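>
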Amino acid sequence: MSDFEDKVVVIAFTYTICPDVCLAIEANLDYIDEQMADEEDLVILSITIDPARDTPEHLWGWTNIRGYDWPHLTSYNHSELQQVWSDYSLLVDNDHINSDHSDHGDHGDHSSHDDHSDHDGHDDHSNHSEMSHQVAVLYPDNTTALFDGDHDMLPEENATGWNLTETTMSMNNISLNYSVHEEYGNQVHGINGIDAPSDWSWWWSLHIWNESSEAWEESSVGIDQVMIMHDTDHIAWAASNANLSMLPIPTEHADEHDDEHDDHDDHNMADELYEVGHNTVTFIVDKDGKKRVVFTGSSWSTADFMDDLNHLLHHDSGADHSDHSDHDHH
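Taken in order, the sequence shown gives residues 1 to 330; the numbers are from the numbering used here.
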């Protein structure tokens with residue numbers, strides 16, 4: 001941290017094989033990085049808790065394809081990272097990290113969504129209306145993402161799955177590679193820079209959320225024939241060669257979704273031990289190198305996060321500040 005003297009530093013402990021919460025954290029950090037790009041005294045760091053698979057080569061490719069340009073740290077010397085984890089009171093759940101993740105849909109603390117609704121002035125996802133929509137993506141490497149759509153951006157009548165796909169990806173800055181066939185309509189070939197190969201060894205398959213069975217099922221019709229609010233409220237695009245059981249569940253159906261992430265509890269963070277693996281932790285370190293704020297999980301508000309950053313960047317007078325010092329966001 002000596003390299004970042006007089007800087008406010010965001011430190012996120014994540015890993016790339018994590019199919020839900022880590023993807024949401026990285027997407028949140030990308031948004032914050034873009035919104036606060038002019039802040040010269042702000043540094044963002046992601047540190048892996050899975051160095052065995054998050055090698056320098058893998059991390060470089062993973063971040064490059066997603067356009068994440070802040071440092072993502074790993075090491076061939078695992079003891080170096082273990083010391084960092086210890087410094088931040090992390091208990092790394094290696095059993096979970098090394099599992100096949102096939103049961104992630106059953107974990108209530110997996111907040112597998114991108115917390116972007118507050119960009120439009122909403123504080124959280126706890127009050128989904130009946131008109132909420134999400135688009136899930138399952139990549140060929142079994143990583144996932146869950147994007148919030150905006151019902152108001154859809155046509156008032158006869159909104160299709162394509163309308164939801166196009167508007168949701170656009171508002172989340174996710175690229176789409178598609179073509180329009182005169183008989184079959186819109187066909188998706190690539191999402192977020194991940195294009196299906198020309199040899200058809202895998203392709204992007206369409207799935208819809210079945211409200212009755214509360215499960216994803218492959219669509220029997222094309223994306224232009226899927227009627228939102230009639231056939232389904234949520235859709236998913238999955239690489240055909242991926243493990244379909246890893247498709248993230250729409251947020252409103254996830255068990256025990258954490259609605260209390262805006263509570264601010266003052267206490268000494270040095271006494272807290274944070275278990276990471278099935279969950280994740282993001283710290284904000286002030287200009288004096290002191291851990292001032294910690295966000296656990298992924299269901300925190302980017303607006304709250306940036307408020308804390310702005311306070312520490314421009315208005316902080318030290319760790320004795322009564323409103324912003326040493327608190328948790330859960």
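Where is the CB? At the ideal position from N, CA and C, for every residue including glycine. Note that this is a predicted model, so its numbers are computed, not measured.
1) Are L313 and L45 touching if we call contact CB-CB under 8 Å?
2) When DSSP labels each residue in this structure, what does G161 get in the three-state scheme?
3) Residues bridged to Q187 by DSSP?
4) Do the CB positions of S11 and I49 come within less than 8 Å of each other?
5) Looking only at its own chain, which residues have a Cβ that is under 8 Å from the Cβ of Y184, when we skip the five neighbours before and after it?
6) Could you tell me the alpha carbon to alpha carbon distance between L309 and P71, rounded to whole angstroms?
7) Nearest CA to the CA of T302: which residue from V188, T14, A24 and K7?
8) Following the continuous alpha helix (DSSP H) through W60, name the residue where it begins and the one where it ends.
9) Would you mind reading off the limits of the beta strand (DSSP E) that contains L42?
10) Compare the Cα-Cα distances from A242 to each of D54, S201 and K291 and report the closest residue.
11) Can you list, in chain order, the residues of its chain with a C-beta nearer than 6 Å to that of I174? Leave out the 5 residues immediately preceding and following it.
12) How close, in whole Å, do the beta carbons of L154 and N163 come, if the pair is a contact with beta carbons under 8 Å?
13) Nearest by alpha-carbon distance to G190: which of D33, Q225 and L138 is it?
14) Should S299 be labelled buried (16 or more other beta-carbon atoms within 10 Å of its own) or exposed?
15) Fully enclosed by the stretch 277-314, which alpha helix (DSSP H) runs are 4 residues long or longer?
16) Does W60 pass the burial test, meaning 16 or more other C-beta atoms within 10 Å, or should it be called exposed?
17) Do you know how far the Cα of S89 is from the Cα of V226?
18) Determine whether the Cβ of L312 lies closer than 8 Å to any Cβ atom of chain C.
19) Using the C-alpha atoms, what's the distance from S212 back to E157?
20) Straight-line CA distance for G67 to L176?
21) Could you tell me how far apart the beta carbons of Y178 and N186 are, in whole angstroms, since I believe they sit closer than 8 Å?
22) Which runs of the beta strand (DSSP E) fall wholly inside the stretch 198-244 and span at least 3 residues, in chain order?
23) Based on DSSP bridge pairs, tell me the residues matched to L138.
24) Quick check on L154: does DSSP put it in helix, strand or coil?
25) Between which residues of its own chain and W237 is the CB-CB distance below 8 Å, once the five residues before and five after are set aside?
26) Leaving aside the five residues before and after P51 along the sequence, list all residues of the same chain whose C-beta is less than 7 Å from its C-beta, in chain order.
27) Would you list the one or two residues that DSSP bridges to F13?
28) Mind checking H315: buried by the 16 CB within 10 Å criterion, or exposed?
29) Where D6 and K290 are concerned, what is the direct C-alpha to C-alpha distance, given to the nearest angstrom?
Once the coordinates are examined:
1) Counting from one through the sequence shown, the residue named residue 313 turns up at place 313. Counting from one through the sequence shown, the residue named residue 45 turns up at place 45. Their beta carbons are not under 8 Å apart, which means L313 does not touch L45 by this criterion.
2) Locating residue 161 in the sequence shown gives position 161, where the first residue counts as 1. In the structure shown, G161 adopts helical secondary structure according to DSSP, grouped into three states.
3) Walking along the sequence shown from the start, residue 187 turns up at place 187. For Q187, which the question treats as bridged, DSSP gives the partners S179.
4) As a working mapping, residue 11 is identified with position 11 in the sequence shown. As a working mapping, residue 49 is identified with position 49 in the sequence shown. Reading the sequence as shown, one finds Ile at residue 11 and not Ser. Result no, Cβ atoms of I11 and I49 do not sit closer than 8 Å.
5) On the sequence shown, position 184 is the one that residue 184 refers to. The beta carbon of Y184 is closer than 8 Å to those of G222 in its chain, skipping five residues each way along the sequence.
6) The residue labelled residue 309 in the question sits at position 309 within the sequence shown. The residue labelled residue 71 in the question sits at position 71 within the sequence shown. So the two alpha carbons sit approximately 18 Å from each other.
7) As a position in the sequence shown, residue 302 is number 302, starting the count at 1. In terms of Cα proximity to T302, the closest of V188, T14, A24 and K7 is A24.
8) Reading the sequence shown from its first residue, position 60 is the one you call residue 60. Residues P56 to R66.
9) Residue numbering aside, residue 42 sits at position 42 when the sequence shown is read from its first letter. Where L42 is concerned, the enclosing beta strand (DSSP E) stretches over L42 to T48.
10) For this step, residue 242 is matched to residue 242 along the sequence shown. The option with the nearest alpha carbon to A242 is S201.
11) Start at 1 with the first residue of the sequence shown, and residue 174 comes out as number 174. So the list reads N192, once near-sequence residues are dropped.
12) Numbered from its first residue, the sequence shown carries residue 154 at position 154. Numbered from its first residue, the sequence shown carries residue 163 at position 163. About 5 Å separates the two Cβ atoms, so the contact holds.
13) On the sequence shown, residue 190 is found 190 positions in, with the first residue counted as 1. Ranking the options by Cα distance to G190, first place goes to L138.
14) Reading the sequence shown from its first residue, position 299 is the one you call residue 299. Result: buried.
15) Segments of the alpha helix (DSSP H) lying fully in the stretch 277-314: 302-314.
16) Translated into positions along the sequence shown, residue 60 becomes position 60. An exposed status is given to W60, since fewer than 16 other beta-carbon atoms sit within 10 Å of its beta-carbon.
17) Numbered from 1 along the sequence shown, position 226 holds the residue referred to as residue 226. Numbered from 1 along the sequence shown, position 89 holds the residue referred to as residue 89. Straight-line Cα distance between these residues: approximately 48 Å.
18) Of the chains in the structure shown, none is chain C; there is only one protein chain.
19) In the sequence shown, counting from the first residue as 1, residue 157 sits at position 157. In the sequence shown, counting from the first residue as 1, residue 212 sits at position 212. Near 24 Å, if we compare the C-alpha coordinates of S212 and E157.
20) One-based indexing of the sequence shown puts residue 67 at position 67. One-based indexing of the sequence shown puts residue 176 at position 176. Straight-line Cα distance between these residues: approximately 15 Å.
21) For the purposes of this step, residue 178 is identified with residue 178 of the sequence shown, where counting begins at 1. For the purposes of this step, residue 186 is identified with residue 186 of the sequence shown, where counting begins at 1. Y178 to N186, Cβ: 6 Å. Contact.
22) Within the stretch 198-244, the complete beta strand (DSSP E) runs of at least 3 residues are 204-210, 215-218 and 235-239.
23) The sequence position of residue 138 within the sequence shown is 138, counting from 1. Residue pairing by DSSP places L138 opposite T144 and A238 in a beta bridge.
24) Numbered from its first residue, the sequence shown carries residue 154 at position 154. Coil at L154, not helix or strand.
25) Locating residue 237 in the sequence shown gives position 237, where the first residue counts as 1. Around W237: V135, A136, V137, L138, T165, V188, I191, W204, S205, L206 and H207.
26) Against the sequence shown, residue 51 aligns to sequence position 51. These residues qualify, in order along the chain: T74, S75, H78 and L81.
27) Numbered from 1 along the sequence shown, position 13 holds the residue referred to as residue 13. According to DSSP, which records beta bridges pairwise, F13 is partnered with I47 and V281.
28) As a first step, residue 315 is located in the sequence shown; it is residue number 315 there, counting from the start. With fewer than 16 Cβ atoms within 10 Å of its Cβ, H315 is classed as exposed.
29) One-based indexing of the sequence shown puts residue 6 at position 6. One-based indexing of the sequence shown puts residue 290 at position 290. Straight-line measurement puts the Cα of K290 at about 11 Å from the Cα of D6.
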